[in-house]
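For the sequence shown, my numbering assigns the number 1040 to the initial residue and increments by one for each residue that follows. The beta carbon of each residue, even a glycine, is placed where N, CA and C say it ideally should be.
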Amino acid sequence: MELDYKAIGKRVKIARIRADLTQEALAEKAGLSVTHMSNIETGNSKLSLPMAVSLANALDVSVDEFLCDSVIRSKDVFSHEVQELLDDCDDYEIRILTDLLKAAKTTIRRDMKLKQQE
């Protein structure tokens, strides 16, 4: 399996923005050049494991957050993302989103059963 470096870079960027850091500030904290930091975020540079750990430590996140799109068992990371999406919702929005999730889940499982029967 090949890693999706664009997805990893996007997740690094999201974590950086959540931490309210500029590329320059994160690059300095992680010991990188700003150009390399930019290339990581755009997926133009492959992120080494030591660099992933350095960035995760600088951002105070788990490396799992960067890799969850490439790892099959990422339920905890995605569950946390869903919770963050719901945190600023009012009761009405939560009801609507819950209905949408239920419908999507039903559709996904039905489609999976159909594919298994083929």
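Checklist entry - Where does Glu1063 sit, in a helix, a strand or coil, going by DSSP? => result helix
Checklist entry - If you compare alpha carbons, which of Glu1123, Asp1129, Leu1106 is closest to Ala1046? => result It is Leu1106.
Item to check | Coil, strand or helix - Ala1142 by DSSP | outcome: In this structure, Ala1142 counts as helix in the three-state DSSP scheme.
Checklist entry - Any chance the segment 1072-1087 sits against the segment 1108-1120, with 3 or more Cβ pairs inside 8 Å? => result no
Checklist entry - Excluding the five sequence neighbours on either side, which residues of its own chain have a C-beta within less than 6 Å of the C-beta of Asn1078, listed in chain order? => result Cβ within range, chain order: Ser1084.
Item to check | Asp1103 versus Glu1080: straight-line alpha-carbon distance, rounded | outcome: Our two residues, Asp1103 and Glu1080, have alpha carbons roughly 16 Å apart in a direct line.
Item to check | Buried versus exposed call for Arg1057 [16 or more other C-beta atoms within 10 Å across all chains shown] | outcome: exposed
Next on the checklist: Restricting to runs no shorter than 4 residues, where is the alpha helix (DSSP H) found entirely within the segment 1074-1154?
Outcome noted: Annotation note: the segment 1074-1154 contains the following uninterrupted alpha helix (DSSP H) runs of length 4 or greater, listed N- to C-terminal: 1088-1098, 1103-1106, 1114-1126.
Checklist entry - Where does the unbroken alpha helix (DSSP H) through Ala1058 begin, and where does it stop? => result Careful: Ala1058 lies outside any alpha helix (DSSP H) and carries neither H nor E.
Item to check | Residue burial classification, Val1100 (beta-carbon count within 10 angstroms, cutoff 16) | outcome: buried
Next on the checklist: Using the three-state DSSP reduction, which class does Gly1048 fall into: helix, strand or coil?
Outcome noted: helix
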